[in-house]
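Asks: Mind having a look at this structure? Questions to follow.
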Amino acid sequence: MDQNEKKKKDKAAVRFYIAVAAFAAILVACLLYLSMCTPIFKSDPGKLPASDTVSDPTATTEYPVGTESEITDTETSPSENPINFSKQQAINDEIYSWIYVPGTNVNYPILQSRIDDLYYLRRGLDGKYDISGVLFTQSHNKRDFKDPVTVIYGHNMTEFGTMFATLHNFEDEDFFKENDTFYIYTPGHILTYKIVSAYRYDDRHIMNSFDFSNPAVVREYFDYVMHPTMIPQNVREGVTLKDDDRLVVLSTCMEDNSYRYLVNGVLVSDEKTK
331 MDQNEKKKKD
341 KAAVRFYIAV
351 AAFAAILVAC
361 LLYLSMCTPI
371 FKSDPGKLPA
381 SDTVSDPTAT
391 TEYPVGTESE
401 ITDTETSPSE
411 NPINFSKQQA
421 INDEIYSWIY
431 VPGTNVNYPI
441 LQSRIDDLYY
451 LRRGLDGKYD
461 ISGVLFTQSH
471 NKRDFKDPVT
481 VIYGHNMTEF
491 GTMFATLHNF
501 EDEDFFKEND
511 TFYIYTPGHI
521 LTYKIVSAYR
531 YDDRHIMNSF
541 DFSNPAVVRE
551 YFDYVMHPTM
561 IPQNVREGVT
571 LKDDDRLVVL
581 STCMEDNSYR
591 YLVNGVLVSD
601 EKTK
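Each residue of the sequence shown is one higher than the one before, starting from 331 at the first, in our numbering.
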């Protein structure tokens, strides 16, 4: 082999190793990015949240619109529930509700593990590993959404715009003003929530940090929900939370894993369905 050919082969080898190194660097960067989307709680590192997609043709469903000025309980002429829970629970019997947030990509089932609060952190509906996880609540909350505060966790899958990533739309003031409602479906009920605030919060585990069985603690927490101290923040004008209100907190991570982003909705309507 002459000297020129050897030099050419050496250059080709160098280019090959550079390409391999660049690919490895990109792969590591992607894995680090996804790992930063894992919610971490300061007060209880063992209690981590998650979320996922589901193959169900509900995208064509005509969802209810509008809200009521106070909680209503429809007794007559119940409407059809847009979610077929028999079908969903045949996929996974721990699917107990469904959430739809207009203006975002949030249109997913909600699960709660009977055995482990961390079960769905990195598992899909089939129980197999899935980096996106699924939307879920923890055993601190009952499954009927009658607690003073219910927290639903979801990963901020920014790169794909899935799970709770698009909740960050509410950081925009105009979007917040124009989108004030989300819906939770349970077997026999359509629950309508008015979005009252959305803001950055610290990384504490809310359900472990507050004793919501104490009415005074609930009142103090509600006051903070309407008067947050961190930015970004948006708060609905003219709204006051009553002591007996029921709040649902949608919780995901910020780009900085040291903080959470919370979207808070108060129950304004409970419609019974067939």
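All C-beta atoms, glycine included, are put in the ideal place defined by N, C-alpha and C.
Leaving out five residues on either side along the sequence, give the residues of the same chain with a beta carbon under 7 Å from the beta carbon of Ile421.
Replies: So the qualifying residues of the chain are Leu455.
Asks: Would you grab the beta carbon distance between Ser581 and Val555 for me? Rounded to a whole angstrom, and I think it's under 8 Å.
Replies: With 8 Å as the limit, Ser581 and Val555 do not qualify as a contact, their Cβ atoms being about 13 Å apart.
Asks: Taking C-alpha atoms, which residue in Val479, Met487, Lys472, Asn587 lies nearest to Gly463?
Replies: Selected option, being the one with the closest Cα: Met487.
Asks: Only counting runs of 3 or more residues, tell me where the beta strand (DSSP E) segments fall wholly within the stretch 458–495, in order along the chain.
Replies: 479–483, all fully within the stretch 458–495.
Asks: Going by C-alpha to C-alpha distance, which of Asn471, Asn538, Tyr515, Asn594 sits closest to Asp553?
Replies: Of Asn471, Asn538, Tyr515, Asn594, the residue nearest in Cα terms is Asn594.
Asks: If you compare alpha carbons, which of Thr511, Arg534, Gln419, Phe490 is closest to Gln442?
Replies: The option with the nearest alpha carbon to Gln442 is Gln419.
Asks: Run the CB neighbour count on Asn544, radius 10 Å, all protein chains shown included, and call it buried at 16 or more, exposed below.
Replies: Exposed is the call here.
Asks: Buried or exposed: where does His557 fall if 16 or more other Cβ atoms within 10 Å of its Cβ makes it buried?
Replies: Result: exposed.
Asks: Rounded to whole angstroms, what's the CA-CA distance from Met366 to Ser588? Just pull it up for me.
Replies: For Met366, the predicted model reports a pLDDT of 45, less than 50, meaning its position is unreliable; a value from the coordinates is still stated below. Cα-Cα distance, rounded: 10 Å.
Asks: Going by DSSP, which residues form a beta bridge with Tyr554?
Replies: For Tyr554, which the question treats as bridged, DSSP gives no partner whatsoever.
Asks: Where does Gln418 fall in DSSP's three states?
Replies: Here Gln418 sits in helix by DSSP.
Asks: CA-CA distance, Glu501 and Asp474?
Replies: If I take the Cα positions, the gap works out to 29 Å.
Asks: How about Ile482 and Leu465: are their beta carbons less than 8 Å apart?
Replies: Their beta carbons are under 8 Å apart, which means Ile482 touches Leu465 by this criterion.
Asks: Are the CB atoms of Val598 and Tyr523 nearer to each other than 8 Å?
Replies: Contact: yes.
Asks: Under DSSP, the beta strand (DSSP E) around Phe512 begins and ends at which residues?
Replies: Taken as a continuous stretch (DSSP letters only), the beta strand (DSSP E) holding Phe512 covers 511–516.
Asks: For Asn437, tell me which candidate among Thr559, Met493, Val569 has the shortest Cα-Cα distance.
Replies: The option with the nearest alpha carbon to Asn437 is Met493.
Asks: Which class does Lys604 belong to by DSSP, given the choice of helix, strand or coil?
Replies: If DSSP states are grouped into helix, strand and coil, Lys604 belongs with coil.
Asks: Check this for me: beta carbons of Arg576 and Asp533, under 8 Å apart or not?
Replies: Their beta carbons are not under 8 Å apart, which means Arg576 does not touch Asp533 by this criterion.
Asks: Along the chain, where does the beta strand (DSSP E) that runs through Lys524 open and close?
Replies: Residues 519–532.
Asks: Rounding to the nearest angstrom, what Cα-Cα distance links Arg530 and Glu489 in this structure?
Replies: Approximately 20 Å between the Cα atoms of the pair.
Asks: State buried or exposed for Asp423, treating a residue as buried only when at least 16 other CB atoms are found within 10 Å of its CB.
Replies: So Asp423 counts as exposed.
Asks: Can Tyr426 be considered in contact with the ligand ATP, in the sense that its beta carbon sits closer than 7 Å to one or more heavy atoms?
Replies: For the structure depicted, the ligand ATP is absent and the ligand set is empty, with no information on it obtainable.
Asks: Leaving out the 5 sequence neighbours to the left and right, which residues in its chain are closer than 7 Å to Thr434 when beta-carbon positions are compared?
Replies: Counting only Cβ-Cβ distances below 7 Å, and skipping sequence neighbours, we find Thr496, Leu497, Asn499.
Asks: Comparing alpha-carbon positions, which option in Phe540, Tyr513, Lys458, Met537 lies nearest Ile413?
Replies: For the residues Phe540, Tyr513, Lys458, Met537, the minimum Cα distance to Ile413 belongs to Tyr513.
Asks: Compute the distance between the beta-carbons of Pro432 and Asn538, then report whether it is under 8 Å.
Replies: Result no, Cβ atoms of Pro432 and Asn538 do not sit closer than 8 Å.
Asks: Mind checking whether Glu410 and His519 have CB atoms under 8 Å apart?
Replies: The answer is no: Cβ separation not under 8 Å.
Asks: By Cβ distance, which residues of its chain are closer than 6 Å to Gln468, with the 5 residues on each side in sequence left out?
Replies: If we look at Gln468 and ignore the five residues flanking it on each side, its Cβ neighbours are Asp447.
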